[in-house]
């Protein structure tokens, strides 16, 4: 079961990619030879890394064959590898290990992130960004809808468990192996257009497992029930647009 749908995901690329560009801007690396993009998705950010460091050899890694097929079609000059970030190993030490919005789906950060930092050369960088919106209405109302009696037995087993910890915890786990660790959070206030755009935003990611677990007619009923809750939580503003707050955590560790 794939969490991601490339076309729907890219429809909200301004939301998905803005934090990634901010992360790239905070990496103090003038030049480098080897970059790995973990959880590269559609490859658009991998291409952005290539444009930022044109001399580097870059490999995009993702577990989704669907996303990698899109990436290969769009950016054929970049190397793409299908792998699970939990078991992946760099073929050569990285100057930059980069990841945007991937590790919230992966458990055991306490051991995994220090192990990945160990695959970065001395003086290199490990830069990651994750959504930290577990307590947001968009996430909580999705769980509330899935727990309705008519769906709970089928939907709770496929509920995605987001794994994101506090800045202090990440500092404790990463700092023993790092020369420097910069950690910060940002709450983006995204201005979305359309009818109930928050639902459309999640349709390409977190809603997918629920929709795939139900027959088509029930999937439509589930999305409609969720949309009704979301419309009340995220009303349109005076200009007809919807304000969508989204918190993200950033980590840039120097080896």
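In this note's numbering, the protein residues as written are 66 to 320. All C-beta atoms, glycine included, are put in the ideal place defined by N, C-alpha and C.
Out of 229, 151 and 140, state which residue places its alpha-carbon closest to the alpha-carbon of residue 196.
In the chain shown, residue 196 corresponds to position 131, counting from 1. Taking only the C-alpha atoms, the option nearest residue 196 is 229.
Out of 312, 319 and 210, state which residue places its alpha-carbon closest to the alpha-carbon of residue 83.
In the chain shown, the residue the question calls residue 83 occupies position 18. Checking every option, the nearest Cα to that of residue 83 belongs to 312.
Excluding the 5 residues flanking residue 292 on each side, which residues of the same chain have their C-beta closer than 7 Å to its C-beta?
Locating residue 292 in the chain shown gives position 227, counting from the first residue. Closer than 7 Å at Cβ, skipping near neighbours: 261 and 264.
Look up residue 301 in the DSSP assignment and say whether it is helix, strand or coil.
Translated into the one-based positions of the chain shown, residue 301 becomes position 236. Strand, per DSSP.
From what residue to what residue does the alpha helix (DSSP H) around residue 267 run?
Walking along the chain shown from the start, residue 267 turns up at place 202. Unbroken alpha helix (DSSP H) run through residue 267: 262-268.
Assign residue 282 to one of three DSSP states: helix, strand, or coil.
Working through the chain shown from its first residue, we reach residue 282 at position 217. In this structure, residue 282 counts as helix in the three-state DSSP scheme.
Using the rule of at least 16 other Cβ atoms within 10 Å of the residue's Cβ for burial, across every protein chain shown, is residue 192 buried or exposed?
The count along the chain shown starts at 1 and reaches residue 192 at position 127. Per the 10 Å Cβ criterion, buried.
Going by Cα to Cα distance, which pick from 287, 256 and 255 is closest to residue 268?
For the purposes of this step, residue 268 is taken as residue 203 along the chain shown, with counting starting at 1. Nearest of 287, 256 and 255 to residue 268, Cα basis: 287.
What residues in its chain sit with their C-beta under 6 Å from that of residue 276, if we drop five residues either side in the sequence?
The count along the chain shown starts at 1 and reaches residue 276 at position 211. Hits under 6 Å: 284.
According to the neighbour-count rule (16 or more other Cβ atoms, all chains shown, within 10 Å of its Cβ), is residue 252 buried or exposed?
Mapped onto the chain shown, residue 252 falls at position 187. Residue 252 comes out exposed.
Where do the N-terminal and C-terminal ends of the beta strand (DSSP E) with residue 307 fall, by residue?
Along the chain shown, read from residue 1 onward, the residue named residue 307 stands at position 242. Counting along the chain, the beta strand (DSSP E) containing residue 307 begins and ends at 307-319.
Distance between residue 280 and residue 98 (C-alpha atoms, nearest Å)
Locating residue 98 in the chain shown gives position 33, where the first residue counts as 1. Locating residue 280 in the chain shown gives position 215, where the first residue counts as 1. So the alpha carbons of these two residues sit roughly 49 Å apart.
Any idea what DSSP makes of residue 66, helix, strand or coil?
In the chain shown, counting from the first residue as 1, residue 66 sits at position 1. The pLDDT assigned to residue 66 is 44, lower than 50, so where the model puts this residue is not dependable; a value taken from the coordinates is nonetheless given after this. Coil.
Looking at C-alpha atoms only, which residue of 235, 214, 240 and 273 is the closest neighbour of residue 224?
Start at 1 with the first residue of the chain shown, and residue 224 comes out as number 159. The shortest Cα separation from residue 224 among 235, 214, 240 and 273 belongs to 273.
Going by DSSP, name the residue or residues bridged to residue 194.
Here residue 194 refers to the residue found at position 129 of the chain shown. Per DSSP, 165 and 315.
Could you pull out every residue in the same chain whose Cβ sits closer than 8 Å to the Cβ of residue 207, ignoring the five residues on either side in sequence?
As a working note, residue 207 is residue 142 in the chain shown. For residue 207, where only same-chain residues beyond five positions count, the Cβ hits under 8 Å are 267, 271, 272, 275 and 291.
Is the CB-CB distance between residue 123 and residue 147 below 9 Å?
Numbered from its first residue, the chain shown carries residue 123 at position 58. Numbered from its first residue, the chain shown carries residue 147 at position 82. Going by C-beta atoms, residue 123 is not nearer than 9 Å to residue 147.
For residue 155, which residues of its own chain have a beta-carbon under 7 Å away from its beta-carbon, when the five flanking residues on both sides are left out?
Taking the first residue of the chain shown as 1, we reach residue 155 at position 90. Cβ neighbours of residue 155 beyond the five flanking positions: 101 and 184.
Through-space distance from residue 259 to residue 178, alpha-carbon basis:
To locate residue 178, count along the chain shown from 1; it is residue 113. To locate residue 259, count along the chain shown from 1; it is residue 194. For residue 178 and residue 259, the distance between alpha carbons rounds to 38 Å.
If you draw a straight line from the alpha carbon of residue 302 to that of residue 308, how long is it in whole angstroms?
Along the chain shown, read from residue 1 onward, the residue named residue 302 stands at position 237. Along the chain shown, read from residue 1 onward, the residue named residue 308 stands at position 243. Those two C-alpha atoms are separated by around 7 Å.
What's the gap between the Cα of residue 109 and the Cα of residue 136?
Taking the chain shown and counting its residues from 1, the one referred to as residue 109 is at position 44. Taking the chain shown and counting its residues from 1, the one referred to as residue 136 is at position 71. Cα to Cα, residue 109 sits roughly 7 Å from residue 136.
DSSP on residue 104, reduced to helix/strand/coil?
As a first step, residue 104 is located in the chain shown; it is residue number 39 there, counting from the start. DSSP places residue 104 in coil when its eight states are reduced to three.
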